[in-house]
Amino acid sequence: MADDSFPGWHGTTILAVRRNGKVVVAGDGQVSVGQTVMKGTARKVRRLSPGGRDVVVGFAGSTADAFTLLERLEKKLESAPGQLQRACVELAKDWRTDKYLRNLEAMLIVTDGDQVYVVTGAGDVLEPEHDVAAIGSGGNFALAAARGLLASDLDAEAITRQAMAIAADICVYTNGNLTVEMLER
Numbered sequence: 015m016a017d018d019s020f021p022g023w024h025g026t027t028i029l030a031v032r033r034n035g036k037v038v039v040a041g042d043g044q045v046s047v048g049q050t051v052m053k054g055t056a057r058k059v060r061r062l063s064p065g066g067r068d069v070v071v072g073f074a075g076s077t078a079d080a081f082t083l084l085e086r087l088e089k090k091l092e093s094a095p096g097q098l099q100r101a102c103v104e105l106a107k108d109w110r111t112d113k114y115l116r117n118l119e120a121m122l123i124v125t126d127g128d129q130v131y132v133v134t135g136a137g138d139v140l141e142p143e144h145d146v147a148a149i150g151s152g153g154n155f156a157l158a159a160a161r162g163l164l165a166s167d168l169d170a171e172a173i174t175r176q177a178m179a180i181a182a183d184i185c186v187y188t189n190g191n192l193t194v195e196m197l198e199r
């Protein structure tokens with residue numbers, strides 16, 4: 015049960031863009047409590063290498079919860095090497111059914127450079143349409159900007175950086191301190 019007397023943690027915009035064989039995942043660095051910016055340089059995009067194959071994960075929500083999910087995802091990837099979809103589905107199943115995990119408050123964007131998934135605690139493993147996925151408080155702003163920029167000749171990284179800048183200009187819980195990871199297949 016949530017403690018309504020403590021202001022909620024806000025922040026995070028995570029965006030993934032796939033274009034021309036590349037997937038770029040970016041996350042901003044802001045963490046806010048209520049109306050106060052607690053940190054501006056948080057690192058919410060991580061590269062994992064279970065079984066020697068790189069996977070990039072961006073997370074939104076509670077940091078401790080996200081790290082718990084990252085550890086679980088890494089174990090799923092180790093037990094099913096090269097099977098990102100299976101690992102994400104298994105994680106989502108555990109997340110939804112496990113008494114401890116079901117209380118975790120976070121969302122993930124996961125990619126191996128070929129596939130991109132949004133994984134939620136509701137049991138969702140969503141493959142985004144239009145080669146763009148976004149989560150977090152500024153996610154809808156970044157998503158709209160990236161989808162608009164897909165009509166340009168920009169590459170995946172340029173689209174991601176411009177869309178994140180647009181989200182940071184609109185969302186008070188998003189800043190311009192980016193962590194950017196790219197995978198190419």
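Position in the sequence shown counted from 1, then plus 14, gives you my numbering. Heads up, the beta-carbon is just placed ideally off N, CA and C, and yes, glycines get one too.
Using the three-state DSSP reduction, which class does Ala30 fall into: helix, strand or coil? DSSP places Ala30 in strand when its eight states are reduced to three.
Buried or exposed: Ala181, going by 16 or more other Cβ atoms within 10 Å of its Cβ? The residue in question, Ala181, is buried, as its Cβ has 16 or more Cβ neighbours within 10 Å.
Between which two residues does the beta strand (DSSP E) harbouring Val39 extend? For Val39, the uninterrupted beta strand (DSSP E) segment begins and ends at Lys36 to Gly41.
Within 10 angstroms of the Cβ of Gln44, are there 16 or more other Cβ atoms? Answer buried if so, exposed if not. Around the C-beta of Gln44, 16 or more other C-beta atoms lie within 10 Å, and the residue is accordingly described as buried.
Ordered along the chain, which non-local residues of its own chain (more than five positions away) have a Cβ less than 6 angstroms from that of Phe155? Cβ neighbours of Phe155 beyond the five flanking positions: Ala181, Ile184 and Cys185.
Anticipated Cβ contact below 8 angstroms, Thr125 with Ala40, distance rounded: Their Cβ separation, rounded to whole angstroms, is 12 angstroms, which puts Thr125 and Ala40 out of contact at 8 angstroms.
Boundaries (first-last residue) of the alpha helix (DSSP H) holding Glu171: Residue range Ala170 to Ile184 is occupied by the alpha helix (DSSP H) that includes Glu171.
With Ala147 as the anchor, note down where its beta strand (DSSP E) starts and where it stops. Val146 to Gly150 is the extent of the beta strand (DSSP E) around Ala147.
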